[in-house]
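K.L.:
Number of protein chains: 2
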Amino acid sequence: MKVYLAGPDVFLPDAVEFGRRKVELCARYGLTGLYPLDNKIDLAAADASLQIFRGNEAMMNEADAVIANLTPFRGPGADAGTVYELGAMAARGKLCLGYSNDPGLYAERVARFTELKTGDGRLTDAQGLTVENFGLADNLMMIHALDLHGCPLVAPRQAAEDIWHDLTSFETCVRLAAERLAPAASR
Amino acid sequence: MKVYLAGPDVFLPDAVEFGRRKVELCARYGLTGLYPLDNKIDLAAADASLQIFRGNEAMMNEADAVIANLTPFRGPGADAGTVYELGAMAARGKLCLGYSNDPGLYAERVARFTELKTGDGRLTDAQGLTVENFGLADNLMMIHALDLHGCPLVAPRQAAEDIWHDLTSFETCVRLAAERLAPAASR
Chain B
0 MKVYLAGPDV FLPDAVEFGR RKVELCARYG LTGLYPLDNK IDLAAADASL QIFRGNEAMM
60 NEADAVIANL TPFRGPGADA GTVYELGAMA ARGKLCLGYS NDPGLYAERV ARFTELKTGD
120 GRLTDAQGLT VENFGLADNL MMIHALDLHG CPLVAPRQAA EDIWHDLTSF ETCVRLAAER
180 LAPAASR
Chain Z
0 MKVYLAGPDV FLPDAVEFGR RKVELCARYG LTGLYPLDNK IDLAAADASL QIFRGNEAMM
60 NEADAVIANL TPFRGPGADA GTVYELGAMA ARGKLCLGYS NDPGLYAERV ARFTELKTGD
120 GRLTDAQGLT VENFGLADNL MMIHALDLHG CPLVAPRQAA EDIWHDLTSF ETCVRLAAER
180 LAPAASR
């Protein structure tokens with residue numbers, strides 16, 4: 000069974016090597032990890048970004064499941080590319096798993112970037128825009144997509160020391176995916 | 000034909016009234032706008048966020064197209080819930096349109112939040128994470144989803160004065176959707 004490995008891991012300085020570690024971990028549980036950087040892309044080409052898009056779409060079509068790294072990236076929430084892919088996989092009816100190496104709540108995290116206010120029953124940011132405050136780890140679309148199309152978000156009790164390289168919660172997702180996909184395979 | 004109106008507009012102080020204006024604009028072009036806040040949700044209920052998720056999924060299933068407001072929200076890129084929904088609609092084969100009231104490039108916008116560095120062929124942020132630098136307005140997954148599943152991102156030449164209420168680019172998307180959906184309806 001094939002698992003698409005979505006996440007901002009592709010932006011790490013050691014992105015290729017780190018993807019290899021994720022793929023190896025999948026193999027230990029009998030799963031084939033599909034990692035975006037394994038697509039052969041000519042980064043010097045004028046249409047490099049389009050090649051990446053097409054490669055990722057092809058991998059998603061091929062995969063039976065997604066494990067999305069939803070660790071907050073460059074702001075209070077998850078990486079946009081990863082979120083897009085989670086939406087695409089949920090809509091395709093694939094098994095959806097995700098993890099975050101930061102166990103905090105979305106509203107708490109927004110408070111680190113902007114001053115929050117309460118008034119007329121809403122929690123708002125400095126721009127007066129409502130801050131989602133349902134006690135969830137991120138935007139409700141991602142969190143409930145995992146609840147309804149796979150397994151609830153996996154997160155550690157405390158933020159991982161190396162938030163970009165800790166694989167504990169990722170491995171939990173791999174184990175859950177293997178348990179959920181295995182019976183389907185042997186049916 | 001029905002168009003799902005995705006966007007962080009739901010977080011505006013005048014979210015309900017603003018949605019009404021979007022729906023009215025759709026009607027002027029013969030389209031039915033489906034706005035998330037038109038779902039009846041009991042916000043006091045323990046499962047309010049899940050009700051919102053289910054309501055949005057139902058609206059997306061019903062819609063023939065999506066118009067996503069991808070104006071940067073609480074960071075250098077688009078709102079996560081909107082991005083999730085764009086991914087879901089693209090995967091469902093629906094017509095995908097989107098706009099941003101900020102015409103800047105993603106890499107330029109990241110530079111407002113963090114110091115950028117160049118080295119070993121990569122543009123990186125303060126954490127050493129690669130910054131996508133393909134000359135695109137946002138993460139390539141959203142931008143190329145629009146290119147391949149609908150129409151290229153619509154944006155003004157200059158940032159809209161009222162970035163959260165200007166409907167010029169939205170109206171362009173409505174017109175494009177009406178043009179694209181009309182022939183299909185009369186076939």
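Those protein sequence lines, which keep their order, are chains B and Z.
Using numbering that gives the first Met the number 0, read the first sequence as starting at 0 and increasing by one per residue.
Using numbering that gives the first Met the number 0, read the second sequence as starting at 0 and increasing by one per residue.
Glycine included, each C-beta is placed from N, C-alpha and C at the ideal position.
1) Do you know whose CA, among 154(Z), 109(Z), 15(Z) and 18(Z), lies nearest residue 74(Z)'s CA?
2) Could you check whether residue 153(Z) and residue 98(Z) sit closer than 8 Å to each other, using their CB atoms as the reference points?
3) Going by DSSP in three states, residue 86(Z) sits in which element: helix, strand or coil?
4) Taking a contact to mean a Cβ-Cβ separation below 8 Å, would you say residue 57(Z) touches residue 133(B) in this structure?
5) Please determine, among 84(Z), 155(Z), 180(Z) and 107(Z), the residue with the shortest C-alpha to C-alpha distance to residue 135(Z).
6) Given a threshold of 16 other Cβ atoms within 10 Å of its Cβ, counted over all protein chains shown, does residue 29(B) qualify as buried or as exposed?
7) Which residue's Cα is closest to the Cα of residue 102(Z): 156(Z), 60(Z) and 131(Z)?
8) Let me confirm a value: residue 4(B) is counted as buried when at least 16 other C-beta atoms fall within 10 Å, else exposed. Which label applies?
9) Show which residues of chain B have a CB atom less than 8 Å away from the CB atom of residue 140(Z).
10) In chain B, which residues lie less than 7 Å from residue 96(Z) when you measure between Cβ atoms?
11) Who are the Cβ neighbours of residue 49(Z) in its own chain at under 6 Å, not counting the five residues just before and after it?
12) Hey, out of 162(B), 116(B), 27(B) and 62(B), whose CA is closest to residue 130(B)'s CA?
13) Return the residue from the list 91(Z), 104(Z), 33(Z) and 52(Z) that minimises the CA-CA distance to residue 137(Z).
14) Within this structure, are the beta carbons of residue 24(Z) and residue 2(Z) separated by less than 8 Å?
15) Thinking just about the alpha-carbon of each residue, which of 39(B), 41(B), 20(B) and 40(B) is nearest to the one in residue 31(B)?
16) Counting only Cβ pairs nearer than 7 Å, list the residues of chain B close to residue 91(Z).
17) Mapping DSSP to helix, strand and coil, what is residue 113(B)?
18) So, helix, strand or coil for residue 162(Z), using DSSP?
19) Hey, how far is the Cα of residue 173(B) from the Cα of residue 141(B)?
20) For chain B, check one thing: does any of its Cβ atoms lie closer than 8 Å to the Cβ of residue 31(Z)?
21) List, in order along the chain, the chain Z residues whose C-beta lies closer than 9 Å to that of residue 103(B)?
22) Looking at the structure shown, is residue 70(B) part of a helix, part of a strand, or coil, going by DSSP?
23) Just the Cα atoms here: how many angstroms apart are residue 175(Z) and residue 181(B)?
24) So, with DSSP's three-state summary, where would you put residue 1(B)?
25) So does residue 93(Z) have its beta carbon nearer than 7 Å to some heavy atom of the ligand FMN?
26) Can residue 85(B) and residue 128(Z) be called in contact, C-beta distance under 8 Å?
27) Distance, Cα to Cα, residue 187(B) vs residue 53(B)?
28) Among the residues of its own chain, which have a CB less than 7 Å from the CB of residue 36(B), if the five just before and after it don't count?
29) Since residue 112(B) and residue 7(B) are thought to touch, with beta carbons under 8 Å apart, how far apart are those beta carbons, to the nearest angstrom?
30) At a CB-CB cut-off below 7 Å, which residues of chain B make contact with residue 10(Z)?
31) Tell me, please, which residues DSSP counts as bridged to residue 172(B).
32) Buried or exposed: where does residue 118(B) fall if 16 or more other Cβ atoms within 10 Å of its Cβ makes it buried?
33) Go to residue 139(Z), then tell me how far its alpha helix (DSSP H) extends in each direction, as first and last residue.
P.N.:
Short version:
1) 109(Z)
2) yes
3) Shown here, residue 86(Z) sits in a helix according to DSSP, grouped into three states.
4) no
5) 107(Z)
6) exposed
7) Closest option to residue 102(Z), Cα to Cα, is 156(Z).
8) Buried, since its Cβ has 16 or more Cβ neighbours within 10 Å.
9) 52, 55, 79, 80, 83 and 84
10) At a C-beta separation below 7 Å, residue 96(Z) has no neighbours in chain B, since its nearest C-beta there lies roughly 15 Å away.
11) none
12) 116(B)
13) 104(Z)
14) Cβ atoms of residue 24(Z) and residue 2(Z): not closer than 8 Å.
15) 20(B)
16) 90
17) coil
18) coil
19) 18 Å
20) no
21) For residue 103(B), no chain Z residue has a Cβ inside 9 Å of its Cβ, as the nearest lies near 15 Å away.
22) coil
23) If you take the alpha carbons of residue 175(Z) and residue 181(B), they lie about 45 Å apart.
24) strand
25) No copy of the ligand FMN appears in this structure; indeed no ligand is present at all.
26) no
27) Any property of residue 187(B) remains undetermined from this structure, which presents chain B solely from 0 to 186.
28) 9, 14, 15 and 18
29) Contact flag wrong, Cβ pair sits at about 18 Å.
30) 128 and 129
31) Partner(s): none; residue 172(B) has no beta bridge.
32) Burial call: exposed.
33) 139-148
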